[in-house]
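In the UniProt record's numbering, the protein residues as written are 1 to 608. Notes follow once the structure below has been shown.
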């Protein structure tokens, strides 16, 4: 048994053990205390809270080593007992509890590489208490806390922690809604240094450098941070990230360019790690504080190590494929997450890409079928997502990646999840304006695939898909002639996209050969005589083409007896698959009714 598997005498169980105790089931039950039991729990928790708050008092830095030894793991658990009842939640509303927990986290396994706060249960519980305390305090300052407690009492089947997370995230998003919201946000967090428009200055939750200290602790233990939050039922961190984001925003303005890039790149890294494991309720807020500017990533262009890179991809796939409503990732988050790691794939993590691509396309299918977002917004999201999938392939090309078993699996995943069908059906069914960018990105995705997979291999794997590609090309041509002139360019782009996909997968010559088989309809009275079509209905002997079964039947019902087709094939009708039911119908239409053709004229036409 290694040291990592053993229970530490002070910090408790290691990560692999303590996560089992903090899953959803740990918060689904509610306490049903009598008055005496509740009073005892309150008193134990108040004692522990008071001791932690003392760590945040001025001058406590020198005494931190003495104070920390007296705050035990059982005391931290007694504080979290307060979250089992709506009646005791308010006991966590102490601003200094936030800073005190941050200081306690800094004492867990300190090393030259940073603090390992999630290695043992002690640091995990400190972080959990800090998060809940910050949520309670901010909701109290916003005068929303009483309404939330009332909701907890009314919705007895809903986890109280989920209610707290949803309301905290809603508050954070509201505070960032406009310039006035930012001022209110700084006032609520106690970070404003200017004259506040509000009645009184709020007490800050930590020292000015506290958010930077917290961000550093998270990034130094990012691998365990991912594991701990992916395996447990954490409260949402919207207000924690609101505190960090405001610190970064205000501090970055006063720094030179080089230092600003380093600061913001660290923030982007922490933001991305949490986005992989955040509950769904935090997604809108996280999207609002995302900083996607590529320059911010210059200071850290690769993950710290291969294990972190692999954990990142695995965490992403867990979120994309999750069926838990608390974990299910919003479709709007896909491009942001893929932007953070696909352009620079960690060595040793390439074997995970096939499942990543397959799960991403599957998630896009689900969002489209369920209409999770409006059509134009969905098309924008899909375009960005496909662009990042393409950049992942470009990264493999730049690295000269040559493991063909992985690439074969990747192609199989694209086929199994109907990537070509998704592209075509999305292009045909969604709004026109953004479609040019979408079909362009889609064709580029397959062109990038052709750079990392040999054409012979692509041709072999995509052979069964060629009829579908040709089908969509035919649909685009049909749409051009059926719709208004303004839509010609739109459907032309779709057909061109399908041709490029076919060419990228090794079927350029096949598609060209098929295109040469196009011809004008052979029926003299075709309603669209200038419509050039694929010979889908043709005589089995002379291959005379028709644009539809109706035209084919019409040729036999009232076509000229001197027409080329009747002269060559008139005596071998069984060799053509003639829809005689349509022949009878057309003959009836032409010889009866208000617009009937005189039989004499009909016979005359047949002999002229």
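From the three backbone atoms N, C-alpha and C, an ideal C-beta is built for every residue, glycine too.
Which class does residue i belong to by DSSP, given the choice of helix, strand or coil?
{"i": "residue 122", "result": "helix"}
{"i": "residue 115", "result": "strand"}
{"i": "residue 12", "result": "strand"}
{"i": "residue 209", "result": "coil"}
{"i": "residue 422", "result": "helix"}
{"i": "residue 462", "result": "coil"}
{"i": "residue 399", "result": "coil"}
{"i": "residue 316", "result": "helix"}
{"i": "residue 571", "result": "Since pLDDT at residue 571 reaches only 45, below the 50 mark, its modelled position is unreliable, and the value read off the structure follows with that caveat. In the structure shown, residue 571 sits in coil (DSSP, three-state: anything other than H, G, I, E or B)."}
{"i": "residue 526", "result": "coil"}
{"i": "residue 378", "result": "helix"}
{"i": "residue 202", "result": "coil"}
{"i": "residue 626", "result": "For the chain, the structure presents residues 1 to 608; residue 626 sits outside this window and is missing."}
{"i": "residue 472", "result": "helix"}
{"i": "residue 90", "result": "helix"}
{"i": "residue 417", "result": "coil"}
{"i": "residue 6", "result": "coil"}
{"i": "residue 254", "result": "coil"}
{"i": "residue 233", "result": "coil"}
{"i": "residue 108", "result": "coil"}
{"i": "residue 332", "result": "helix"}
{"i": "residue 505", "result": "coil"}
{"i": "residue 260", "result": "helix"}
{"i": "residue 387", "result": "helix"}
Go ahead and label residue i buried or exposed: buried means 16 or more other beta carbons lie within 10 angstroms of its beta carbon, across all protein chains shown.
{"i": "residue 553", "result": "buried"}
{"i": "residue 106", "result": "buried"}
{"i": "residue 261", "result": "buried"}
{"i": "residue 350", "result": "buried"}
{"i": "residue 295", "result": "Note that residue 295 has pLDDT 48, beneath the 50 cutoff, so the model's placement of it is unreliable and the number below is only indicative. Looking at its Cβ environment, which holds fewer than 16 other Cβ atoms inside 10 Å, residue 295 is exposed."}
{"i": "residue 211", "result": "buried"}
{"i": "residue 203", "result": "exposed"}
{"i": "residue 156", "result": "exposed"}
{"i": "residue 222", "result": "buried"}
{"i": "residue 35", "result": "exposed"}
{"i": "residue 32", "result": "exposed"}
{"i": "residue 20", "result": "exposed"}
{"i": "residue 70", "result": "exposed"}
{"i": "residue 399", "result": "exposed"}
{"i": "residue 449", "result": "buried"}
Between the Cα of residue i and the Cα atoms of the options, which residue gives the shortest distance?
{"i": "residue 464", "options": "429, 488, 512 and 411", "result": "411"}
{"i": "residue 369", "options": "348, 322 and 425", "result": "425"}
{"i": "residue 286", "options": "314, 201 and 236", "result": "236"}
{"i": "residue 224", "options": "10, 124 and 373", "result": "124"}
{"i": "residue 442", "options": "422, 141, 228 and 451", "result": "422"}
{"i": "residue 466", "options": "200, 512 and 148", "result": "512"}
{"i": "residue 415", "options": "399, 469 and 248", "result": "469"}
{"i": "residue 462", "options": "258, 418 and 491", "result": "418"}
{"i": "residue 51", "options": "20, 82, 233 and 103", "result": "103"}
{"i": "residue 669", "options": "494, 117, 87 and 165", "result": "Nothing can be reported for residue 669, as the shown portion of the chain is limited to 1 through 608."}
{"i": "residue 493", "options": "451, 428, 449 and 448", "result": "428"}
{"i": "residue 79", "options": "397, 48 and 175", "result": "48"}
{"i": "residue 372", "options": "221, 331 and 241", "result": "331"}
{"i": "residue 135", "options": "254, 93 and 122", "result": "93"}
{"i": "residue 451", "options": "475, 363, 390 and 413", "result": "390"}
{"i": "residue 387", "options": "258, 407, 400 and 447", "result": "447"}
{"i": "residue 379", "options": "335, 352 and 438", "result": "438"}
{"i": "residue 282", "options": "242, 376, 476 and 403", "result": "242"}
For residue i, I'd like the list of residues in its chain whose CB is within less than 6 Å of its CB, leaving aside the five on either flank, ordered along the chain.
{"i": "residue 506", "result": "455, 458 and 459"}
{"i": "residue 312", "result": "341"}
{"i": "residue 152", "result": "86, 160 and 163"}
Assuming residue i contacts residue j (C-beta within less than 8 Å), just tell me the rounded distance between them.
{"i": "residue 45", "j": "residue 91", "result": "6 Å"}
{"i": "residue 171", "j": "residue 144", "result": "6 Å"}
{"i": "residue 98", "j": "residue 191", "result": "With a Cβ gap of about 13 Å, residue 98 and residue 191 do not count as contacting."}
{"i": "residue 87", "j": "residue 38", "result": "7 Å"}
{"i": "residue 397", "j": "residue 435", "result": "Wrong, their Cβ atoms sit about 27 Å apart, outside the cutoff."}
{"i": "residue 231", "j": "residue 276", "result": "Not confirmed; about 13 Å, so no contact."}
Tell me which same chain residues have a C-beta within less than 8 Å of the C-beta of residue i, skipping the five on either side of it?
{"i": "residue 120", "result": "8, 11, 12, 13, 14, 15, 18, 108 and 109"}
{"i": "residue 395", "result": "342, 343, 344 and 345"}
{"i": "residue 244", "result": "211, 214, 215, 267 and 270"}
{"i": "residue 291", "result": "264, 267, 268 and 271"}
Let me check you understand the geometry: is the CB of residue i closer than 6 Å to at least one non-hydrogen atom of the ligand GDP?
{"i": "residue 409", "result": "This structure lacks the ligand GDP, and indeed carries no ligand of any kind."}
By Cβ distance, which residues of its chain are closer than 7 Å to residue i, with the 5 residues on each side in sequence left out?
{"i": "residue 219", "result": "266, 269 and 270"}
{"i": "residue 508", "result": "502"}
{"i": "residue 328", "result": "280 and 322"}
{"i": "residue 562", "result": "The pLDDT assigned to residue 562 is 41, lower than 50, so where the model puts this residue is not dependable; a value taken from the coordinates is nonetheless given after this. Counting only Cβ-Cβ distances below 7 Å, and skipping sequence neighbours, we find nothing."}
{"i": "residue 96", "result": "53 and 56"}
{"i": "residue 83", "result": "89, 132, 160 and 161"}
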